[in-house]
Amino acid sequence: MAEFNLIIANKCFSSWSLRPWVAMKHLEIPFEEGFVRLRTPETFANLAKVSPTGLVPVLIHNGRIVWETLAILEYLADLFPEKKLWPQDIGARAMARSVATEMHSGFREVRYGWPMNLRRPKGHKPLDAEGELQRARIETIWRQCREQYGEGGPFLFGHFTAADAMYAPVVTRFDTYGGELAPDTRAYVDAVLATPAMRHWYAEAAKETWPEPGPDE
43 MAEFNLIIAN KCFSSWSLRP WVAMKHLEIP FEEGFVRLRT PETFANLAKV SPTGLVPVLI
103 HNGRIVWETL AILEYLADLF PEKKLWPQDI GARAMARSVA TEMHSGFREV RYGWPMNLRR
163 PKGHKPLDAE GELQRARIET IWRQCREQYG EGGPFLFGHF TAADAMYAPV VTRFDTYGGE
223 LAPDTRAYVD AVLATPAMRH WYAEAAKETW PEPGPDE
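Numbering (my numbering), first residue to last: 43 to 259.
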């Protein structure tokens with residue numbers, strides 16, 4: 043039995059579930075996967091059994107229940123400092139925490155205008171004016187992190203960090219809805235999508251054949 047149990051929801055469109063899952067997979071932290079299927083008559087009751095907020099993801103470890111994605115990532119960073127979930131340099135670490143928190147609390151119009159849906163055919167979908175401003179802000183964040191701290195690898199801070207995990211669902215959105223992307227944006231999107239962890243998530247999502255529609259279907 044694995045030491046960690048990570049409870050998630052549908053891989054096709056549960057963006058919050060993806061974040062700690064991809065971090066743990068990429069960093070090779072073994073875990074068992076618990077699952078609650080969304081959008082069924084039983085969903086609310088099933089979530090209430092495993093989550094104090096009625097939301098996923100939830101990490102269970104040594105009798106502890108950790109909820110909220112950033113809290114899970116911080117917990118893992120404390121347990122596995124050698125995995126470098128946050129950059130070691132204090133300036134880079136401050137930047138990583140800032141952009142991860144901005145992702146956690148912001149970009150509402152991008153989230154709603156481009157909901158994560160891994161079975162949706164790729165094609166450009168325009169955002170409204172506020173969504174377009176938020177999309178541009180995301181690209182600015184990626185560009186700034188890469189230019190200042192990205193030397194040594196293809197991710198925001200060179201090696202894969204919690205910041206990359208936090209932006210992973212948005213990477214899927216840019217790939218699905220963004221159409222032709224700026225070269226540096228495309229390079230970062232492709233780097234994240236090429237990781238074995240993300241490929242594994244996509245493969246598992248493709249096996250979900252339930253009839254309920256995705257968030258934009």
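Even for Gly, the Cβ is constructed at its ideal location relative to N, Cα and C.
Model, not experiment: these values are computed from the prediction.
What is the residue span of the beta strand (DSSP E) that residue i lies within?
{"i": "H103", "result": "V100 to H103"}
{"i": "E174", "result": "Not the beta strand (DSSP E): E174 falls in the alpha helix (DSSP H), residues A171 to Y191."}
{"i": "W109", "result": "R106 to W109"}
{"i": "L48", "result": "F46 to I50"}
{"i": "E75", "result": "E74 to F77"}
Is residue i near the ligand GTP, going by C-beta to nearest heavy atom under 7 Å?
{"i": "E151", "result": "Judged by which ligands are present, the structure shown has none, so any question about the ligand GTP falls away."}
In whole angstroms, what is the alpha-carbon distance linking residue i and residue j?
{"i": "A236", "j": "A229", "result": "10 Å"}
{"i": "K67", "j": "T214", "result": "17 Å"}
{"i": "I102", "j": "V152", "result": "30 Å"}
{"i": "P211", "j": "P123", "result": "24 Å"}
{"i": "A142", "j": "A205", "result": "5 Å"}
{"i": "D226", "j": "P83", "result": "43 Å"}
{"i": "H242", "j": "W63", "result": "11 Å"}
{"i": "T268", "j": "Y191", "result": "In the structure as shown, the chain begins at 43 and stops at 259. Residue 268 is therefore absent and cannot be evaluated."}
{"i": "G194", "j": "Y219", "result": "29 Å"}
{"i": "L267", "j": "A136", "result": "Residue 267 is absent from the model: the chain starts at 43 and stops at 259."}
{"i": "K5", "j": "S147", "result": "The question about residue 5 has no answer, for the chain in this structure spans 43 to 259."}
{"i": "L127", "j": "A138", "result": "10 Å"}
Which residue from the options puts its Cα closest to that of residue i?
{"i": "A119", "options": "T203, Y209 and P238", "result": "T203"}
{"i": "A239", "options": "I71, T182 and R79", "result": "I71"}
{"i": "P99", "options": "P83, F86, G76 and H242", "result": "G76"}
{"i": "D217", "options": "A51, N88 and E181", "result": "E181"}
{"i": "G312", "options": "A87, E222, W184 and E45", "result": "The requested residue 312 is not part of the displayed model; the chain covers only 43 to 259."}
{"i": "A171", "options": "F149, P225 and Q190", "result": "F149"}
{"i": "A233", "options": "I107, P196, G200 and Q186", "result": "P196"}
{"i": "C187", "options": "G155, S140, S59 and P168", "result": "S140"}
{"i": "D131", "options": "H201, A65 and V92", "result": "H201"}
{"i": "K91", "options": "L60, I49, A138 and E246", "result": "I49"}
{"i": "Y154", "options": "P163, L169, E144 and W109", "result": "L169"}
{"i": "L198", "options": "P129, P163, G173 and E144", "result": "P129"}
List the whole-angstrom C-beta distance separating residue i from residue j, where the pair is believed to meet the contact cut-off of C-beta under 8 Å.
{"i": "E74", "j": "N104", "result": "So it is not a contact: roughly 14 Å between Cβ atoms."}
Can you give me the start and stop residues for the alpha helix (DSSP H) that residue i sits inside?
{"i": "N88", "result": "T85 to V92"}
{"i": "S59", "result": "S57 to H68"}
{"i": "T214", "result": "A204 to Y219"}
Below 8 Å, how does it come out for the segment 46-62 and the segment 156-176: are there three or more Cβ pairs, yes or no? Counting C-beta pairs closer than 8 Å gives three or more between the segment 46-62 and the segment 156-176, which meets the contact rule.
With contact counted as at least three CB pairs below 8 Å, one residue from each stretch, are the segment 101-117 and the segment 166-182 in contact? Three or more beta-carbon pairs separated by less than 8 Å are not found between the segment 101-117 and the segment 166-182, which leaves the two stretches without contact.
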